[in-house]
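One structure is given below, encoded as structure tokens.
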Amino acid sequence: MPAAHAERERPAGLLRLWRDDIACVKARDPAARNAFEILLTYPGVHAIIWHRLAHRLWRNGFKFPARFLSWVARLLTNVDIHPGATIGQKFFIDHGAGVVIGETAEVGDGVTLYHGVTLGGVSWTPGKRHPTLEDGVLVGAGAKILGPIKVGAGARIGANSVVVEEVPPGVTAVGIPARIVRALNNRGAVGSGRVNLDHHLIPDPVGEVLSMLLDRVEFLETRLNHMQGRVRNQQDTQQEQERFDDERAG
Numbered sequence: 000m001p002a003a004h005a006e007r008e009r010p011a012g013l014l015r016l017w018r019d020d021i022a023c024v025k026a027r028d029p030a031a032r033n034a035f036e037i038l039l040t041y042p043g044v045h046a047i048i049w050h051r052l053a054h055r056l057w058r059n060g061f062k063f064p065a066r067f068l069s070w071v072a073r074l075l076t077n078v079d080i081h082p083g084a085t086i087g088q089k090f091f092i093d094h095g096a097g098v099v100i101g102e103t104a105e106v107g108d109g110v111t112l113y114h115g116v117t118l119g120g121v122s123w124t125p126g127k128r129h130p131t132l133e134d135g136v137l138v139g140a141g142a143k144i145l146g147p148i149k150v151g152a153g154a155r156i157g158a159n160s161v162v163v164e165e166v167p168p169g170v171t172a173v174g175i176p177a178r179i180v181r182a183l184n185n186r187g188a189v190g191s192g193r194v195n196l197d198h199h200l201i202p203d204p205v206g207e208v209l210s211m212l213l214d215r216v217e218f219l220e221t222r223l224n225h226m227q228g229r230v231r232n233q234q235d236t237q238q239e240q241e242r243f244d245d246e247r248a249g
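Numbering (numbering that gives the first Met the number 0), first residue to last: 0 to 249.
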């Protein structure tokens, strides 16, 4: 669970965490070629390296140095992670730019965020204000997850979605506000292996509704044409009957 990660970040484990953060990039980004290139050129990796240092300072009571270090990291990486945020192993921010993670956010193992993601709060009150992302969650570019809600293990959040309610494990949620559109059947192994990046297969609920409406309109038009034909036939029959009656009367 994410709360346990803070306990794991002992000094002896920090290098291992960094090593895992670097290694996981190659499994999730086909553009990554080797560890040296990842370490040197990936701002998302730089951001998590700085954050793990700042988080250790924060947990040990050095609040101002931790905030200052996170500010420096933001200047260098364009990623804003509060030093109080708890982040698990094998964390990957792809492209990095514009990611914001709040103080009480909790992130599990094997989580992937794309650029522009916000894990934000919706309240000024102290205590838990930011989301919890369980293991293996993937959040698309520009998505906002707001409030002390939980996104279940292996869930996927579509690009530019706004999530304000809890998301069950292993589903895809898209839209504003986000709605569940598909179960994933545990695809994309949690915390290990290559992440399933079939963004193009994320359903379009608005498009599906429009398609249903078009089908309904076509059905109603066909039915209307059929009814109009019946009315015309009845009118023709009635006119013939009236002519016949007039001829007999004459």
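We treat Cβ as the ideally placed atom computed from N, Cα and C, and that holds for glycine.
Computed from a predicted structure; not experimentally measured.
Between which two residues does the beta strand (DSSP E) holding residue i run?
i    : result
A182 : 178 to 182
T124 : Premise fails: T124 is in no beta strand (DSSP E) and is neither H nor E.
V173 : 170 to 173
T103 : Unbroken run through T103: none, as it is neither H nor E.
Where do the ends of the alpha helix (DSSP H) carrying residue i lie?
i    : result
T76  : 62 to 76
D287 : The structure shown does not extend to residue 287, since the chain spans only 0 to 249, so no value can be given for it.
G43  : 42 to 58
Helix, strand or coil for residue i? Go by DSSP, reduced to three states.
i    : result
R242 : helix
I148 : coil
N232 : helix
D250 : Only positions 0 to 249 of the chain appear in the structure, and residue 250 is not among them; the question remains open.
V116 : coil
D134 : coil
R215 : helix
V161 : strand
V166 : strand
R247 : helix
R155 : strand
In chain order, what residues of the same chain lie with their CB nearer than 6 Å to the CB of residue i, ignoring the 5 residues before and after it?
i    : result
T117 : V99, K143
P64  : L56
L145 : G119, V121, V163
V150 : L132, V136, V166
N159 : G141
N33  : none
E217 : none
Out of the options, state which residue places its alpha-carbon closest to the alpha-carbon of residue i.
i    : options               : result
P168 : P176, I86, I148, I175 : I148
K253 : Q234, L14, G43        : Any answer about residue 253 is impossible in this case: the structure gives the chain only from 0 up to 249.
W70  : N59, F61, Q88, W49    : W49
I37  : I21, E246, L132, I156 : I21
E105 : E246, I86, V78        : I86
G141 : A177, T76, V166, M211 : A177
G95  : T40, N59, G206        : T40
P125 : P29, L112, D245, T103 : T103
L112 : V208, R27, L212, E246 : R27
T76  : W17, F35, G97         : G97
L16  : V216, F91, I179, L212 : F91
P266 : D93, R58, M211        : Look at the range of the chain in this structure, 0 to 249, and you will see that residue 266 is not part of it.
Quick one: residues in its chain with C-beta nearer than 7 Å to the C-beta of residue i, no 5 flanking neighbours on either side, listed in chain order?
i    : result
A182 : G169, V170
G101 : H81, A84, L118, G119, G120, R128, H129
K89  : D19, D20, C23, D108, G109, G190
R66  : P82
Using a Cβ-Cβ cut-off of 8 Å (strictly less than) and excluding sequence neighbours within five positions of residue i, which residues of its own chain qualify?
i    : result
A72  : H45, A46, W49, H50, A53, V78, I80
N224 : none
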